[in-house]
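Everything on this sheet refers to the single structure shown next.
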Amino acid sequence: MRNNENENSGAKKTVNPLGTAPVGRLLLQYAIPSIISTLIASLYNMVDQMFIGQRIGFLGNAATTVAYPLTFLCGAMTLLFSNGSSVNFNICNGRGERDEALHFAGAGLTLLAAEGIFTAALVLLFTPWFVNLFGATDQVYPYALTYMKLVAPGLPFLALTSGGTLLIRSDGSPRYALICSMSGVALNFVLDYLFLFPMNMGIAGAALATVMGQVLSALMVAAYMLRFRTGRLRREHFAVSGSRFRQITSIGAAGSLNQAAMLVMNLVLNSSLRYYGSQSVYGGSEALAAAGVVTKVNFLFYSTIIGCSIGGQPIMGFNFGARNYERVKQTAYLVFTYAFVIGAVETACFWLFPEQILRLFGDSAGGYQAFALRYMHEFMLLIILAGVLPVAMNAMVSIRQPLKGVIISLSKQLVLIVLLLILPRFLGIDGILIAGPVADLMVAIAAFIVIRSAFSRLGKTPAAG
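Start counting the sequence shown at 705; every next residue gets the next number (the working numbering).
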């Protein structure tokens, strides 16, 4: 009798709520921390944009739009090392190989620091070239040059924070990782106000506020590494062997490739806005500023969708492993529903409160406001469909079809790049505005077909990448 009771109690202990708890409740439980984390990243960009717009005007906003591709340049390199080191850290910890896990953590931190320093040096050495490459007009050039020169030294701290917080989460301290990121945003917010208003430091003040926020977050990450839960990080753990380098980069390549595609897409978009905007009634600088502001607002909503899709990943992955395929589909379709609702709210905001949104970012003179309204209503026309992309990508990764996930994640950037290179040649600035909804529609249809096809075969054929 006692043996049976022990067996029953042991069985109860092994029941994982991922396989039994209501999907809606589980999704909220897992999605909310992810949403907060992704929102913090978007707030970093929004805070600068709002204060700069209020104090400097649309030329300041255009300058941050020109500098925005730096985020993807650094992100492409950072994800190459951060994702790979944290995944390998988790795998080794799961196997009980703690020392090897520490080697991956240390190697990842070394690579992140080296990458950040290299990227910062590259940008500082060739700042004028990067400013022109990223699409600055003559009006915007001095603002963008100042801003990029001052934010470049912060790139090593940004890399350490981005990669370090992933390792901190993997080490079992997600709350501290969140505090690291939130502290930097809070300091950036306070310093933006102080530097731009009482101290009247202009675009340089905004750049310094950003860097100081990044430094604070990086210092908090470094402080945690001194008391790593898995074990003490010693000097030898920071060495990078060829084998570990290959294991780290092989896993991080997919995320890095996606960031690289976003970098290229932003370069093409900025160049198109500069060239065709200058030939239109709006002006090149005005078009750059307007698109940048609307994009930052869009990313606030889009990051919420990304957070939802990340939250659904462990639920789908667990139930795929447990062969509970109906629950996998139920989770995916619920995340799709949330994504559509968030997209609908964003669309409603763009149509009902466009001028109020623009007012948050400073003056709304002439061509700037006119083009911003068109960008909201035309380029973002089918933004309700954009959520299909991250949800489908994470769903494919969860059911062990990562190659399809990578293809889905790259599709929007690739389609948009092609459309931006073709349509404006015939339609001018209107071609840029048409490219947005056409890309959203094409990619959403393709992603939905892929996900429906994959789900219809669940349990019937072996999963293939």
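A virtual CB, placed ideally from N, CA and C, is assigned to each residue, including glycine.
Model, not experiment: these values are computed from the prediction.
Legend entry - Rounded straight-line distance, which links the Cα of residue 753 to that of residue 1128: 27 Å
Inset, instruction - Starting from the C-beta of residue 1009, find all residues in its chain whose C-beta is less than 8 Å away, skip the five residues before and the five after it, and write them out in chain order. - result: 1042, 1043, 1046, 1047, 1090, 1091, 1094 and 1095
Inset, instruction - Please confirm whether residue 785 and residue 812 have their CB atoms less than 8 Å apart. - result: yes
Legend entry - Cβ contact (3+ pairs, closer than 8 Å) linking the segment 983-996 and the segment 1131-1150: yes
Legend entry - The alpha helix (DSSP H) enclosing residue 905, as first and last residue numbers: No alpha helix (DSSP H) contains residue 905, which DSSP labels as neither H nor E.
Inset, instruction - Kindly indicate which three-state DSSP category residue 1170 falls into: helix, strand or coil? - result: Absent from the structure is residue 1170, since the part of the chain shown begins at 705 and ends at 1169.
Inset, instruction - Please classify residue 860: is it buried, with 16 or more other beta-carbons within 10 angstroms of its beta-carbon, or exposed? - result: buried
Inset, instruction - Taking only runs that begin and end inside the segment 877-952, name each unbroken alpha helix (DSSP H) of 4 or more residues, in chain order. - result: 878-900 and 906-929
Legend entry - Neighbourhood of residue 776 by C-beta distance below 7 Å, restricted to the same chain and skipping five residues each side: 963, 966, 967 and 970
Inset, instruction - Determine the DSSP secondary structure at residue 1141, reduced to helix, strand or coil. - result: helix
Inset, instruction - Consult DSSP for residue 809 and reduce its assignment to one of helix, strand or coil. - result: helix
Inset, instruction - State the Cα-Cα distance for the pair residue 730 and residue 846, rounded to the nearest angstrom. - result: 50 Å
Legend entry - residue 1114 versus residue 902: straight-line alpha-carbon distance, rounded: 44 Å
Inset, instruction - Assign residue 752 to one of three DSSP states: helix, strand, or coil. - result: helix
Legend entry - At least three beta-carbon pairs within less than 8 Å, the segment 721-729 to the segment 868-880: no
Inset, instruction - Starting from residue 1082, follow the alpha helix (DSSP H) in both directions and report where the run begins and ends. - result: Taken as a continuous stretch (DSSP letters only), residue 1082 belongs to no alpha helix (DSSP H), as it is neither H nor E.
Legend entry - Distance between residue 721 and residue 706 (C-alpha atoms, nearest Å): Because the pLDDT at residue 706 is just 47, under 50, the model does not fix this residue reliably, and the value given afterwards should be weighed accordingly. Their Cα atoms are separated by approximately 26 Å.
Legend entry - DSSP state of residue 1104 mapped onto helix, strand, coil: coil
Legend entry - Own chain, CB closer than 6 Å to residue 1017, minus 5 neighbours either side, in chain order: 1098 and 1102
Inset, instruction - Inspect the CB distances between the segment 896-911 and the segment 756-772 and report whether three or more fall short of 8 Å. - result: yes
Legend entry - Proximity winner among 1079, 778, 764 and 734, relative to residue 843 (alpha-carbon distances): 764
Inset, instruction - Can you grab the Cα-Cα spacing for the pair residue 1118 / residue 961, in whole Å? - result: 12 Å
Legend entry - Supposed contact pair residue 751 and residue 892 - C-beta distance, whole angstroms, cut 8 Å: 6 Å
Legend entry - Element boundaries [alpha helix (DSSP H), containing residue 867]: 859-874
Inset, instruction - Can you say whether residue 945 is buried or exposed, counting buried as having 16 or more other CB atoms within 10 angstroms of its CB? - result: exposed
Legend entry - Residue closest to residue 999, alpha-carbon to alpha-carbon, out of 930, 1077, 824 and 817: 1077
Legend entry - Rounded separation between residue 734 and residue 867 - CA only: 21 Å
Legend entry - Secondary structure of residue 814, DSSP reduced to three states: helix
Inset, instruction - Take residue 1162 and list the residues in its own chain whose beta-carbon comes closer than 6 Å to its own, dropping the five residues that flank it on each side. - result: 1029
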